[in-house]
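In this text, residue positions in the sequence shown follow the working numbering: the first is 54, and each later residue adds one. The beta carbon of each residue, even a glycine, is placed where N, CA and C say it ideally should be. A quick note: this is a predicted structure, and the numbers were derived from the prediction, not measured. Shown next, in structure tokens, is the structure this report addresses.
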Amino acid sequence: MTDLTEQWEKGELPEGYYYVKDGDNMIAEYLDGYFYNNGEPMTSFSGGVDEVLEPVPSYQELQEERENNEFLLKSRESEIIKLKNLLKECQKSIHWYQETYGAMDLDTYTLLAKLNEVLK
């Protein structure tokens with residue numbers, strides 16, 4: 054049971070939108086001490102609320118998360134490029150091995166297929 058579930062049981066949960074669990078996840082509005090689903094109040098756990106999971110983030114919070122994700126991606130971009138270049142070197146070495154020795158075992162073939170997939 055989460056702290057939010059305990060707050061709800063005590064009638065101390067702030068009004069707003071929350072992710073709640075009722076077997077499946079869903080979004081419900083919390084107002085005047087009740088969760089609402091399709092306009093119907095859910096008054097107890099038998100009414101459909103198993104657990105209050107998390108508040109639904111606001112638009113501003115979602116935008117901040119998106120900006121943070123973009124920042125993290127850009128900050129890792131040079132590392133990603135280095136790793137891709139390393140994979141290309143590995144790919145060339147495997148091709149050289151194949152041309153030189155004329156055959157590949159199954160593990161090497163599988164590795165080459167994975168490299169090709171990553172480098173698409």
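The Cβ-Cβ distance between L66 and Y83 falls below 8 Å.
In this structure, the alpha-carbon of S128 lies about 10 Å from that of N122. Bridge partners of V73 according to DSSP: M79 and V105. Under the three-state reduction of DSSP, L140 is assigned to helix. Here the alpha carbon of P108 sits roughly 9 Å from the alpha carbon of V73. Closest option to I133, judged by alpha-carbon separation, among L172, D160 and D85: L172. Y89 has E82 and P94 as its beta-bridge partners, per DSSP.
A distance below 8 Å separates the beta carbons of D103 and G76.
When C-alpha distances from Q60 are compared across V105, T163 and P110, the shortest belongs to V105.
Q144 is a Cβ neighbour of L165, given a cutoff of 8 Å. Separation of the CB atoms of I147 and T163 is rounded to 11 Å, and the pair is thereby denied contact status at 8 Å. Between the beta-carbon of L140 and that of L115 there is about 33 Å, and that puts the pair past the 8 Å contact cut.
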